[in-house]
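**Q**
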Amino acid sequence: MNHKYRKYMYKILIAFAVSGAVTGIIMSFIYFLFRFGYKSLSINAFLYSIVESIQFFSDTYLNTVTVISFILFILIMLVILHKHILYLVKIEEGLEKMASGQLKEKIEIVEDSDLARIAEKTNQLSDKLEQTIKEERLAEEAKTELITNVSHDLRTPLTSILGYLELIERDQYKDEVTLRYYTDIAFRKTKQVHAMVNDLFEYIRTKNPSLVLDKKVIDLKELIKQSTEQLTIQFNKEEMTCRIELPEQESKINIDPEKISRVFENILGNALKYGKEGKYVDINFQQSLDEVKIEIKNYGDPISKMDIPYLFDRFYRIEKSRSKDTGGSGLGLAIAKNIVELHNGKIKVTSDQTGTAFTIQLPKSIVPVQ
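In the UniProt record's numbering, the protein residues as written are 1 to 370.
#1: Work out the CA separation of V110 and A99 for me, nearest whole Å.
#2: Who are S351's beta bridge partners in DSSP?
#3: Which same chain residues end up closer than 7 Å to K189 when comparing Cβ atoms and leaving out the 5 residues on each side of it in sequence?
#4: Between G275 and E248, what straight-line distance do the alpha-carbon atoms span, to the nearest angstrom?
#5: Measuring straight from C-alpha to C-alpha, what distance separates A334 and L268?
#6: Return the CA-CA distance between R262 and R180, expressed in angstroms with no decimal places.
#7: Answer with buried or exposed for K232, where buried requires no fewer than 16 other C-beta atoms within 10 angstroms of its C-beta.
#8: Starting from Y316, follow the beta strand (DSSP E) in both directions and report where the run begins and ends.
#9: Could you say which of D282, H343, E341 lies nearest to G355 if we only look at CA atoms?
#10: Ordered along the chain, which non-local residues of its own chain (more than five positions away) have a Cβ less than 8 Å from that of E265?
#11: Looking at Y164: is its Cβ nearer than 7 Å to the Cβ of A186?
#12: When DSSP labels each residue in this structure, what does R170 get in the three-state scheme?
#13: What is the DSSP secondary structure of N123, reduced to helix, strand or coil?
#14: Please work out which residues of its chain come closer than 8 Å, Cβ to Cβ, to A119, disregarding the five sequence neighbours upstream and downstream, and give them in chain order.
#15: Closer than 7 Å by C-beta to A116: which residues in its own chain qualify, once you throw out the five before and the five after it? Chain order, please.
#16: Using DSSP with H/G/I as helix, E/B as strand and the rest coil, what is Y299?
#17: For the beta strand (DSSP E) containing E176, list its first residue and its last residue.
#18: Report the partner residues of Y280 according to the DSSP bridge assignment.
#19: Should D153 be labelled buried (16 or more other beta-carbon atoms within 10 Å of its own) or exposed?
#20: Please report how far the alpha carbon of L146 lies from the alpha carbon of K259, in whole angstroms.
#21: Taking just the CA atoms, how far does N270 sit from S304?
#22: Apply the 10 Å Cβ neighbour rule to P257 and answer buried if 16 or more other Cβ atoms are within range, or exposed otherwise.
#23: Go ahead and pull the three-state DSSP assignment for Q230.
#24: G101: buried (16+ other C-beta within 10 angstroms of its C-beta) or exposed?
#25: Quick check: P363 and N344, are their CB atoms within less than 7 Å of each other?
#26: Hey, L103 and L125: beta-carbon distance below 7 Å or not?
#27: Rank K293, C242, E291 by C-alpha distance to the C-alpha of Y280 and give the top, closest one.
#28: So what's I74 in DSSP terms, helix, strand or just coil?
#29: For L362, which beta-bridge partners are listed by DSSP?
#30: Bridge partners of V217, per DSSP?
#31: Does the separation of the CB atoms of K297 and A357 fall below 7 Å?
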């Protein structure tokens, strides 16, 4: 710090030396004018008396006062500049700490001045850099977690597939029935891997905020009906009934029908997996001047309040779903959330003893003027 202080002080002293020299020249000229110049001027008695007074003052005190004033001026300016120089050194040290990665160290704001504003901007820059580094670190951790989870989820079915195919390759089966049993298991596990890969691809796509949606003006009610009809076989297999309550009037809205259909399929699929005990899935549709709201409710076991905040996180599974081997990728609800948010909408879940309800809200502001 002493080295930096001396460096700034040398620059200031050089500036003062130049200023002092210029000041001396000007004052010498004024003194010469008062001492010798007035005698050659044609002036009246009043002005002559004023000049004589100035001459007496200059002869008696001016030199002393000038020297003292000049010295005091320099001393006062040095005192004032001393504080600013110290502040400049603090700002420079703060920038050096930022450059070395010490972003938590802040420059003290001690006054309202240009230097204080520079210090404040430096602190703001430090905060932004710290936030950027934190986001990059979180992104890297998320990437690592994603790779770890995908590897874990794919390894289990792939191990099973390889095991059964190896038995078939070695002809280690009793009869055609056993062979068919092995191939069926390998086929189901292959479909499971295929579904996981598709879900992972869709999750990465929908996570991109710059994804361009293929929006079309459709009747949202009809899309809901189509989504439920596509799952009729699954509902019958689980001995469940899907009850739909829709208004009579049309509900035109500008959305990406393929993406929103995926949202309905994922949530209904979730209800089929975890709401079997309730036997019913209810779909309610409401609309106002500003938005449409779709509620999909199942009557299975309630979700713990501790699990609800993490339900839309990728690869998150509640403990009971792990034990049932549902075969899901753990990405379905995360994909649904991404798609809804790409449409500037919201999705939430509530769960209690009466059932679990997923509510999707889409703003009507996305409806084009016709």
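By construction, the Cβ of each residue, glycine as well, lies at the ideal position given by its N, Cα and C atoms.
**A** The structure says:
#1: Roughly 23 Å between the two C-alpha positions.
#2: When DSSP reads this structure, S351 sits in a beta bridge with T356.
#3: Excluding sequence neighbours, K189 sits near P157, S160, I161.
#4: Going by the C-alpha atoms only, they are around 28 Å apart.
#5: Rounded to the nearest whole angstrom, the CA to CA distance from A334 to L268 is 14 Å.
#6: Each residue's Cα considered, the two are about 33 Å apart.
#7: In the sequence as presented, Lys is not what sits at residue 232; that position holds Thr. The residue is exposed, with fewer than 16 neighbouring Cβ atoms inside 10 Å.
#8: For Y316, there is no enclosing beta strand (DSSP E), as DSSP marks it with neither H nor E.
#9: Ranking the options by Cα distance to G355, first place goes to D282.
#10: Taken in chain order, the residues that qualify are S227, Q230, L231.
#11: Cβ distance < 7 Å, so Y164 and A186 count as in contact.
#12: Under the three-state reduction of DSSP output, R170 falls in the coil class, being neither helix nor strand.
#13: Collapsing the DSSP output to three states places N123 in a helix.
#14: Close CB contacts of A119 within its chain, under the 8 Å cut and outside five residues either way in sequence, are with Y87, K90, I91, G94, I107, E108, I109 (chain order).
#15: For A116, where only same-chain residues beyond five positions count, the Cβ hits under 7 Å are I109, V110.
#16: For Y299, the secondary structure class from DSSP, reduced to helix, strand or coil, is coil.
#17: From DSSP, E176 is part of no beta strand (DSSP E) but of the alpha helix (DSSP H) over 176-207.
#18: DSSP, once it has assigned bridges, lists T241 as partnering Y280.
#19: Classification for D153: buried.
#20: Straight-line Cα distance between these residues: approximately 22 Å.
#21: S304 and N270 have their C-alpha atoms some 16 Å from each other.
#22: So P257 ends up on the buried side.
#23: Coil at Q230, not helix or strand.
#24: Under this definition G101 is an exposed residue.
#25: Going by C-beta atoms, P363 is nearer than 7 Å to N344.
#26: No, the Cβ-Cβ distance between L103 and L125 is not below 7 Å.
#27: Per the C-alpha coordinates, the member of K293, C242, E291 positioned closest to Y280 is C242.
#28: In the structure shown, I74 adopts helical secondary structure according to DSSP, grouped into three states.
#29: According to DSSP, which records beta bridges pairwise, L362 is partnered with V292.
#30: Looking at the DSSP output, V217 bridges to N254.
#31: Taking C-beta atoms as the reference points, K297 and A357 count as a pair closer than 7 Å.
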